[in-house]
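Asks:
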């Protein structure tokens, strides 16, 4: 009898403990299916501890309450009016690391910025004019690297880029490189920029890039191959205390560190609205060698000209 009572008490305590564990580790938010579009669904506090099955379909965007084309133009380039807009252009600044695949060894740290602005060509067509620069630093000393195993290391410098964006009927965005100092015009596959909402205050925007470009014989021949993913997070209301953020991942060759398309770059950054917001050591390098990187190309003419000069 005492044994049965002990067993019953043990089972009761076990059940009680299980309920406590479930309460502690079960999410306290639930998804309420208020709209048919998955991207319009929101996360709200509720009594239910179970998640509704939510299929992930990056092709679908919420055009009912959030216009991806408008939000991306404002976030990425400062287009539009009101919170988030900046006619002078915006900076995207941050850093990360260059890894050896597949050991994970850090070959260099990596930091820099992109400065760009937008031109609204029509209701469904906008143009990015920008430039960007990134430096490699020694992972041990933090100093800018000038050589790696006896070979010269230089910053990655894009004097200018021109990228066009077109609104699609399904709410996504197509993009194409119209001018670049890296021979990227007409070289990208036809892919789309898509978004997903995670509640009313967070839009996730994804841009896939795949490169498979023939290298001219005078530059060594062969092919330049890489894949990249850009992932942005933005509050569509653009609060001043929560800047949009970006994650960039890439695998491909990265001379002189790696030549077999297996080097891995990972970068995380955020939007800044003025040059003075950049880290001091980046501003020191700009002042010393790249003063024109304080602002984007003046206009489309300058952007196209800089791209042509770089290739010649």
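In the working numbering, the protein residues as written are 201 to 512. By construction, the Cβ of each residue, glycine as well, lies at the ideal position given by its N, Cα and C atoms.
Using three-state DSSP, classify residue 260 as helix, strand or coil.
Replies: Confidence in residue 260 is poor, its pLDDT being 45 and thus under 50, which makes the residue's placement unreliable; the coordinate value appears in the next sentence. Coil.
Asks: Using the Cα positions of residue 331 and residue 403, report the straight-line distance between them to the nearest angstrom.
Replies: Going from the Cα of residue 331 to the Cα of residue 403 covers about 25 Å.
Asks: Are residue 482 and residue 293 closer than 9 Å when you measure CB to CB?
Replies: Cβ atoms of residue 482 and residue 293: closer than 9 Å.
Asks: Buried or exposed: where does residue 374 fall if 16 or more other Cβ atoms within 10 Å of its Cβ makes it buried?
Replies: Looking at its Cβ environment, which holds fewer than 16 other Cβ atoms inside 10 Å, residue 374 is exposed.
Asks: Do you know how far the Cα of residue 477 is from the Cα of residue 387?
Replies: One C-alpha to the other measures close to 34 Å.
Asks: Which of the three DSSP states is assigned to residue 275 in this structure?
Replies: Here residue 275 sits in helix by DSSP.
Asks: By DSSP, does residue 492 sit in helix, in strand, or in coil?
Replies: Three-state result, residue 492: helix.
Asks: To which residues does DSSP link residue 392 through a beta bridge?
Replies: 374, per the DSSP bridge assignment.
Asks: Give me whichever residues DSSP pairs with residue 463 in a beta bridge.
Replies: According to DSSP, residue 463 bridges with 452.
Asks: Residue 414 lies in the beta strand (DSSP E); which residues open and close that run?
Replies: Its beta strand (DSSP E) spans residues 403 to 414.
Asks: Are the Cβ atoms of residue 298 and residue 465 separated by less than 9 Å?
Replies: Yes. Within cutoff.
Asks: Put residue 437 into one of helix, strand or coil per three-state DSSP.
Replies: Of the three classes helix, strand and coil, the one that applies to residue 437 here is coil, per DSSP.
Asks: By DSSP, does residue 246 sit in helix, in strand, or in coil?
Replies: The predicted position of residue 246 is uncertain, since its pLDDT is 40 and thus under 50; a value taken from the coordinates is nonetheless stated next. Three-state DSSP puts residue 246 in coil, outside helix and strand.
Asks: So for residue 499, helix, strand or coil by DSSP?
Replies: Residue state, collapsed to three classes: coil.
Asks: Taking its Cβ as the centre, do 16 or more other Cβ atoms sit within 10 Å of residue 437, making it buried, or is it exposed?
Replies: Looking at its Cβ environment, which holds fewer than 16 other Cβ atoms inside 10 Å, residue 437 is exposed.
Asks: Taking just the CA atoms, how far does residue 352 sit from residue 408?
Replies: If I take the Cα positions, the gap works out to 30 Å.
Asks: For residue 456, which residues from the same chain have a beta carbon less than 6 Å from its beta carbon, with the 5 sequence-adjacent residues on both sides left out?
Replies: Closer than 6 Å at Cβ, skipping near neighbours: 348 and 351.
Asks: Is residue 507 helix, strand or coil when you go by DSSP?
Replies: In this structure, residue 507 counts as helix in the three-state DSSP scheme.
Asks: When you compare each of 270, 415, 282 and 287 to residue 497 by their alpha carbons, which one comes out closest?
Replies: Selected option, being the one with the closest Cα: 287.
Asks: How many Å lie between residue 290 and residue 340 at the Cα?
Replies: Answer to the nearest angstrom: the Cα atoms are 31 Å apart.
Asks: Taking the C-alpha atoms as reference points, what is the distance between residue 448 and residue 427?
Replies: Each residue's alpha carbon lies about 11 Å from the other.
Asks: Name the one or two DSSP bridge partners that residue 379 has.
Replies: Its beta-bridge partners are 362.
Asks: Taking the beta carbon of residue 459 as the centre, do at least 16 other beta carbons fall within 10 Å, making it buried, or is it exposed?
Replies: Exposed, since its Cβ has fewer than 16 Cβ neighbours within 10 Å.
Asks: For residue 486, which residues from the same chain have a beta carbon less than 6 Å from its beta carbon, with the 5 sequence-adjacent residues on both sides left out?
Replies: Excluding positions up to five away in sequence, the list reads 493.
Asks: What's the C-alpha gap between residue 416 and residue 372?
Replies: The straight-line gap from Cα to Cα measures roughly 34 Å.
Asks: For residue 367 and residue 376, I'd like the C-alpha separation in whole angstroms.
Replies: Using only the alpha carbons, I get a separation of about 12 Å.
Asks: Of the residues 296, 316, 503 and 302, which one's Cα is nearest the Cα of residue 308?
Replies: Nearest of 296, 316, 503 and 302 to residue 308, Cα basis: 296.
Asks: Under a three-way DSSP split, which group does residue 475 fall into?
Replies: Three-state DSSP puts residue 475 in a helix.
Asks: So is residue 318 buried or exposed if we call it buried at 16+ other beta carbons inside 10 Å?
Replies: Residue 318 comes out buried.
Asks: For residue 412, I'd like the list of residues in its chain whose CB is within less than 7 Å of its CB, leaving aside the five on either flank, ordered along the chain.
Replies: Closer than 7 Å at Cβ, skipping near neighbours: 423 and 425.
Asks: Buried or exposed: residue 272, going by 16 or more other Cβ atoms within 10 Å of its Cβ?
Replies: So residue 272 counts as buried.
Asks: Helix, strand or coil for residue 305 per DSSP?
Replies: In the structure shown, residue 305 sits in coil (DSSP, three-state: anything other than H, G, I, E or B).
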